[in-house]
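Each position in the sequence shown, counted from 1, maps to that position plus 61 in our numbering.
Think of the CB as a built atom: it goes at the ideal place given N, C-alpha and C, for glycine as much as any other residue.
The block underneath contains the structure these notes are about, expressed in structure tokens.
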Amino acid sequence: MKNMRINKVSYRDQLIEDYSVIIDVRTPSEFIEDHIPNSINYPVLSNKQRHEIGISYKENSFLAKKNGAELISFNISKIIKKIEFDKKDKVLIYCWRGGLRSLSLYLVLKQIGYDVYLLDGGYKSFRKRVVEYLDKEAPKFKFNQIMGITGVGKTLFLKELSKTKQVIDFEGLANHKGSILGDIPNKTQPSQKFYETCIYQKLNEFNNKKDIWVEAESIKVGKLSIPSKVWKTMPLGKNIKLNATIEERTKYILKDYNYFTKNPELMKKALDVLKRIIPKDDFKNIEESLKNQNYYDLVSNLIIYHYDKAYKKTRAESSTNIISTIDLDKITKKEIQKAINLSKYF
């Protein structure tokens, strides 16, 4: 044991491709906030245990280490029972900064005979790379934007475009639809850190010599923010604008946001935010439609009195670099594929 060589590796892009298994031994709360993609959480200390040891460490560091070792040993015994990977699998282990938590599990698994490696610098080294990449590398990509007012089918357009092109769906990664009604029931938004990790991971999958298509977004997607350097780069490429009639947009929104029509109280709660934004007389029309459960009129009024007026104030509307406009007769997969095939820009 004294002369055991510890296999340490430094983080780099595509590192995760080298390992069959990546183990994050941090607490569940640390893991939820952010983690290396594809890693599994085998905590050697629970949230409560780590908190209590942190407090006791200030009073008596020796005793805290002793108690910590006891808890970690017990938790590792439970982890071993959970392990499903084989001896032949290449396993990477990490904690917050490559310290005792990851080393403890590493030593036990190494003694058993597993092919294990420690991430030097732990999660902190990974996070440092994500921040650096989004600040310096990501803006080098060429981004093209799909533009258009709310309900014109930009997200559906991107989904169809992703079958043949490189696409990032910032709203999908954020679990949010980017509008006043953007909160999705039973789905919570990730932390800002994990959102950035997802964007970093997506960009790493792409060929940096090929264009990336995105939706023209506000920098804010719900409570999250698109990385500043990426957002500032997005309008510099090709900008293609989608158009559709209010009737088609209304039908599309009713279908895309059908969970609101099934739950009027949820809709009412979302609309309460608009009371401070929309003129009183205009909002009365919206409230009346909701009261009568006339959702077609409700959505039409939202488009007229809120969405279209708000869009005129956005960066997308003021952009002068629009190279093409696509008029959609219907907002359907079939119509969108037809438009993609006919355009010379895809």
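Same chain, Cβ closer than 7 Å to residue 328, neighbours up to 5 away in sequence not counted
321, 351
Between which two residues does the alpha helix (DSSP H) containing residue 155 stretch?
From DSSP, residue 155 is part of no alpha helix (DSSP H) but of the beta strand (DSSP E) over 151 to 155.
Whole-angstrom distance between residue 284 and residue 249, CA atom to CA atom
10 Å
Can you give me the C-alpha to C-alpha distance between residue 358 and residue 392, rounded to a whole angstrom?
Approximately 19 Å between the Cα atoms of the pair.
Measure how close the beta-carbons of residue 206 and residue 305 come, nearest whole angstrom, since I'm counting them as under 8 Å.
Not really, about 17 Å apart at Cβ, beyond 8 Å.
Whether residue 199 touches residue 288 by CB criterion (8 Å)
Less than 8 Å divides the Cβ of residue 199 from the Cβ of residue 288.
Considering only residues of the same chain and omitting the five flanking positions on each side of residue 170, which have a CB-CB separation below 6 Å?
177
Do you know how far the Cα of residue 260 is from the Cα of residue 252?
Going by the C-alpha atoms only, they are around 13 Å apart.
Write down every uninterrupted run of the beta strand (DSSP E) in the stretch 230 to 311 whose length is 3 residues or greater and which is fully enclosed by it, in chain order.
Within the stretch 230 to 311, the complete beta strand (DSSP E) runs of at least 3 residues are 273 to 276, 300 to 304.
Using the C-alpha atoms, what's the distance from residue 254 back to residue 333?
30 Å
What is the DSSP secondary structure of residue 180, counted as helix, strand or coil?
Strand.
Evaluate residue 160 with the Cβ neighbour count: other Cβ atoms within 10 Å of its Cβ, from every protein chain shown; 16 or more gives buried, anything less gives exposed.
Exposed is the label assigned to residue 160, since fewer than 16 other Cβ atoms lie within 10 Å of its Cβ.
Using the three-state DSSP reduction, which class does residue 386 fall into: helix, strand or coil?
strand
Quick one: is residue 65 buried, meaning 16 or more other Cβ sit within 10 Å of its Cβ, or exposed?
exposed
CA-to-CA distance, residue 80 to residue 297, given in whole angstroms:
37 Å
According to the neighbour-count rule (16 or more other Cβ atoms, all chains shown, within 10 Å of its Cβ), is residue 225 buried or exposed?
For residue 225, the number of other beta carbons within 10 angstroms of its own is below 16, and it is reported as exposed.
Residues of its chain near residue 318, where Cβ-Cβ distance is below 7 Å and the 5 sequence neighbours each way are ignored:
If you ignore the 5 residues before and after residue 318, its C-beta comes within less than 7 Å of the C-beta of 242, all in its own chain and listed in chain order.
With 16 other Cβ atoms within 10 Å as the buried cut-off, status of residue 155
buried
Three-state secondary structure assigned by DSSP to residue 70:
strand
Whose CA, out of 387, 213, 122, lies closest to the CA of residue 368?
213
Bridge partner(s) assigned by DSSP for residue 206:
When DSSP reads this structure, residue 206 sits in a beta bridge with 275, 300.
Residue range of the unbroken alpha helix (DSSP H) whose run includes residue 169
161 to 173
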